[in-house]
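Here's the structure, in structure tokens; my notes come after.
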Amino acid sequence: MKNILIDNVKKYKKWYIIGILALVTIIVLRKLKLLNMITDIINQLPSKGEYQQRNIDSIDRIIIHHSASPAGKFTVQDFARWHIDPNGYLKAPRIAYHFCIEPDGKIYQTNKLTAISWHTINANATGIGIVLNGNFENEQASDTQKKSLKNLIKYLNNKFNKKLTVYGHKEIPGNATACPGRNLKLDEFRNL
Ligand SMILES: [Zn+2]
408 MKNILIDNVK
418 KYKKWYIIGI
428 LALVTIIVLR
438 KLKLLNMITD
448 IINQLPSKGE
458 YQQRNIDSID
468 RIIIHHSASP
478 AGKFTVQDFA
488 RWHIDPNGYL
498 KAPRIAYHFC
508 IEPDGKIYQT
518 NKLTAISWHT
528 INANATGIGI
538 VLNGNFENEQ
548 ASDTQKKSLK
558 NLIKYLNNKF
568 NKKLTVYGHK
578 EIPGNATACP
588 GRNLKLDEFR
598 NL
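What follows is the structure, encoded as structure tokens:
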């Protein structure tokens, strides 16, 4: 009788350990997928200095942009060069966006989240700027690009442990722009 009891406890222990290991494996794999999802190229982009910094707690929104250039025609490096150009329209210390999503779905982080970068009038202090490479006034974002945007929004909501409000650039008062283009249906990216 005693032996059966000990055997049962051993059996139970074995399955308990297997269960915990399986759970840990799933959590680690999910985390790894999220970590690998974003390629940090902050220090590889041309820059002329640094933006004013903010406390991460002040972030409450995500602003979606399009590059307004044909999908894939220009690179993140090109955007950074234009934004820091002393003869350009922005004359910024660094690229305007925090993240860039390529037509193939690749996500680049291009500024620290603490950077108050210049992507949206009246929303820079509290916003995270995400640009999709493409012109969605006359093109469609690719499915992988949209999927990456959804994953990035979910990742950021998870990181900040709150739902960040998602806006298109044109929805912020004071911005006379079509950005991110009429073809990008913004409701798809809210409430994720
Ligand atoms: Zn924009």
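Numbers in this note's numbering are just positions in the sequence shown, counted from 1, shifted up by 407. For glycine and all other residues, C-beta sits at the position ideal for the given N, C-alpha and C.
Under 7 Å between C-beta atoms of Phe472 and Val538 = The sequence as given places His at residue 472; Phe does not occur at that position. A contact, by the Cβ cut-off of 7 Å.
Boundaries (first-last residue) of the alpha helix (DSSP H) holding Tyr562 | Counting along the chain, Tyr562 sits inside the alpha helix (DSSP H) bounded by residues Asp550 to Phe567.
Which of helix, strand or coil does DSSP assign to Gly479?
-> Residue state, collapsed to three classes: coil.
Using 10 angstroms around the beta-carbon of Ala478, count the other beta-carbons present and answer buried if the total reaches 16, otherwise exposed.
-> Result: buried.
Per DSSP, what kind of secondary structure is Ile523 in: helix, strand or coil?
-> Of the three classes helix, strand and coil, the one that applies to Ile523 here is coil, per DSSP.
Which whole-angstrom value is the C-beta distance of Thr517 and Tyr504, which I expect to be below 8 Å?
-> Taking a contact as a CB-CB distance under 8 Å, the pair Thr517 and Tyr504 counts as one, their CB atoms being some 6 Å apart.
Leaving out five residues on either side along the sequence, give the residues of the same chain with a beta carbon under 7 Å from the beta carbon of Gly536.
-> Only Ile470, His472, Ala503, Tyr504, His505, Ser524, His526 and Thr527 meet the Cβ criterion.
Counted within 10 angstroms of its Cβ, other Cβ atoms place Leu600 as buried (16 or more) or exposed | Outside the modelled stretch of the chain, which goes from 408 to 599, sits residue 600, for which no answer is possible.
Sequence-distant residues of its chain with Cβ nearer than 6 Å to Ser549 (five each side left out) = The residues are Pro510.
Check the C-beta distance from Ala532 over to Ser465 and give it rounded, since I have them as a contact under 8 Å.
-> The pair is a contact, with the Cβ atoms about 7 Å apart (cut-off 8 Å).
With respect to the beta strand (DSSP E) encompassing Gly456, which residues constitute its N-terminal and C-terminal limits?
-> Where Gly456 is concerned, there is no enclosing beta strand (DSSP E), given that its DSSP letter is neither H nor E.
With a CB to CB cut of under 6 Å and the five nearest residues on each side skipped, what residues in its chain are close to Gly575?
-> Same-chain partners within the cutoff: Ile471, Pro587 and Leu593.
Run through DSSP, which three-state label would Gly495 get?
-> In this structure, Gly495 counts as coil in the three-state DSSP scheme.
Work out the CA separation of Asn564 and Lys420 for me, nearest whole Å.
-> Whole-angstrom Cα-Cα distance: 37 Å.
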